[in-house]
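Residue numbers for the sequence shown follow the numbering used here, so the first one is 19 and each next one is one higher.
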Amino acid sequence: MDVIIVGLLIIILIFVIISVSKNINESNITERLGKLETNMIKEIADFQNTLSKDLHTDFDNLNEKIEVRLRLINDGVNERLDKNFEKTNKTFNSVLERLSKIDEAQKKIDNLSSDIVSLQSVLTDKKTRGIFGEVNLNHIMTSVFGDNNQNVYQMQYSMPNGTIVDCALFAPEPLGLIGIDSKFPLEHYRMMVDKNMSQEVREQAEKMFKVDMKKHIDAIASKYIISNVTADQAILFLPAEAIFAEINAYHTDLIEYAYKKRVWLTSPTTLISTLTTIQVIIKNMERDKYASVIHQELKLLDEEFKRYKDRWDKLSRSIETVGKDVKDIHTTTEKITKRFHSINQVEMEGITYEETERDE
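Quick look at the structure:
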């Protein structure tokens, strides 16, 4: 009987030891799984926070660098535009100033033309008339282009063939150097228009006047039109409007003759018009030069914006990739959490953890 009782006690003790050992192992597993789940969730949350902070920091730094770069580009473009517009305004103001001077010169020339008759008594010889024409020509050039503007014109200019022209005009290409020479055929002209003279004398004076004009045209064509040096044309300046008007009204053959020789006849008024046109061309060329600079700067700015767009697209794709990775990590985290929860609820040998605890 005692042996049986002792045996039963031993069996019960063994069963108790097995049950306690089983409960201890199950408790350790549950506790470790819970800690592992907590640590995983905490590490994932820390990783998400760190990744979010790094992304925000990098994005803020990138935006700041882009803003600084754009500000520098904008300041540079504005500075260049301001300088170029300032130069353009100065150019236009200079043109307006020159035009006002031209108006003043025209008034003076008109007064001079009205006094030609009285000046005829003074201009009695060729030398005096030559000086008068040169002075008048110099006054016109100064009024249009300014005093001593040697980049545009030079008075008494020495040509490569050894001749000296009254004025050399350095026009833009393809014109190039244009010779302007003053001629004042007053003597025979005065006799030709003097109604107090007989018809025969006046007709003879007209013939001599044409001979004088053709000599002047031939001299200018031979002296001041040089191949590969000057333009293929030259200008004959007549200081008197009356002579120019007489030729255009009654002597068109002289105009045709000059045209064949590539010599253009001008008066003070028409010469001013011609020079003003050339001056506008020069100013337009300078303005176009500045416009090309602005266009080049805008082209460089366009290239900068293209590079900026490419870099921004790359950054956008990188951000999208990181966002997708974060979303995938979040999905994986959810799956791991659910898996841990399923492990906690698993039944072992047909007995759940809840039932084991109730039995104990």
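We put the beta carbon where it would ideally sit given N, CA and C, even for glycine.
Valine 281 - containing beta strand (DSSP E), residue span: In the sequence shown, counting from the first residue as 1, residue 281 sits at position 263. Its beta strand (DSSP E) spans residues 281-284.
Where the beta strand (DSSP E) containing aspartate 199 begins and where it ends: As a working mapping, residue 199 is identified with position 181 in the sequence shown. That run of the beta strand (DSSP E) goes 195-200.
Cut-off 8 Å between Cβ atoms - residues of its own chain near glutamate 304, not counting five sequence neighbours on either side: Here the question's residue 304 lines up with position 286 in the sequence shown. Within the same chain, Thr109 come within 8 Å of glutamate 304 by CB-CB distance, once the 5 residues on both sides are set aside.
Status (buried if at least 16 other CB within 10 Å, exposed otherwise) for lysine 324: As a working mapping, residue 324 is identified with position 306 in the sequence shown. Burial call: exposed.
Same chain only: Cβ atoms within 6 Å of valine 247, ignoring 5 sequence neighbours per side: For the purposes of this step, residue 247 is taken as the residue at position 229 of the sequence shown. Counting only Cβ-Cβ distances below 6 Å, and skipping sequence neighbours, we find Pro178.
Stretch-stretch touch, CB-based, cutoff 8 Å, three pairs: the region 232-250 with the region 185-203: yes
Residues that DSSP places opposite tyrosine 171 in a beta bridge: As a working note, residue 171 is residue 153 in the sequence shown. Looking at the DSSP assignment, tyrosine 171 forms a beta bridge with Leu187.
Any non-hydrogen atom of the ligand ZN within 8 Å of arginine 357 CB: Ligands displayed in this structure: none; no statement on the ligand ZN is therefore possible.
Euclidean distance between Cα positions of asparagine 156 and isoleucine 265: Here residue 156 is taken as the residue at index 138 of the sequence shown, counted from 1. Here residue 265 is taken as the residue at index 247 of the sequence shown, counted from 1. Each residue's Cα considered, the two are about 23 Å apart.
Residue-level contact to chain B via CB, asparagine 92, 9 Å cutoff: Among the chains of the structure shown, chain B does not appear; only one protein chain is present.
Secondary structure of methionine 159, DSSP reduced to three states: Looking up residue 159 in the sequence shown gives position 141. Of the three classes helix, strand and coil, the one that applies to methionine 159 here is helix, per DSSP.
Per-residue burial, phenylalanine 330 [other beta carbons within 10 Å of its own, 16 or more giving buried]: For the purposes of this step, residue 330 is taken as residue 312 along the sequence shown, with counting starting at 1. The sequence given here has tryptophan at residue 330, not phenylalanine. So tryptophan 330 ends up on the exposed side.
Buried versus exposed call for isoleucine 42 [16 or more other C-beta atoms within 10 Å across all chains shown]: To locate residue 42, count along the sequence shown from 1; it is residue 24. Its pLDDT being 48, under 50, isoleucine 42 is placed unreliably by the model, and nothing is read from it.
Pairwise C-alpha distance: lysine 71 and asparagine 107: The residue given as residue 107 occupies position 89 in the sequence shown. The residue given as residue 71 occupies position 53 in the sequence shown. The C-alpha of lysine 71 is placed about 53 Å away from the C-alpha of asparagine 107.
Rounded separation between alanine 189 and valine 183 - CA only: One-based indexing of the sequence shown puts residue 189 at position 171. One-based indexing of the sequence shown puts residue 183 at position 165. Taking the CA atoms as reference points, alanine 189 sits about 15 Å from valine 183.
Cut-off 8 Å between Cβ atoms - residues of its own chain near glutamine 217, not counting five sequence neighbours on either side: For the purposes of this step, residue 217 is taken as the residue at position 199 of the sequence shown. Closer than 8 Å at Cβ, skipping near neighbours: no residue.
Residues that serine 176 bridges to, as DSSP identifies them: In the sequence shown, the residue the question calls residue 176 occupies position 158. In the DSSP output, where bridge partners are listed per residue, serine 176 has Ile182.
As assigned by DSSP and simplified to three states, the class of leucine 254: Walking along the sequence shown from the start, residue 254 turns up at place 236. Note: leucine 254 maps to strand in three-state DSSP.
Reference leucine 256; option with closest CA among Lys278, Glu338, Ile290, Asp250: Stepping through the sequence shown from its first residue, residue 256 is reached at position 238. Of Lys278, Glu338, Ile290, Asp250, the residue nearest in Cα terms is Ile290.
Given 8 Å, three or more beta-carbon pairs between the region 264-280 and the region 223-232: By the criterion of at least three beta-carbon pairs nearer than 8 Å, the region 264-280 is in contact with the region 223-232.
Buried/exposed call for glutamate 221, threshold 16 Cβ in 10 Å: Residue mapping note: residue 221 aligns to position 203 of the sequence shown, counting from 1. Under this definition glutamate 221 is an exposed residue.
Whole-number beta carbon distance between alanine 249 and leucine 193, since they are thought to touch under 8 Å: Walking along the sequence shown from the start, residue 193 turns up at place 175. Walking along the sequence shown from the start, residue 249 turns up at place 231. Contact flag correct, Cβ pair sits at about 5 Å.
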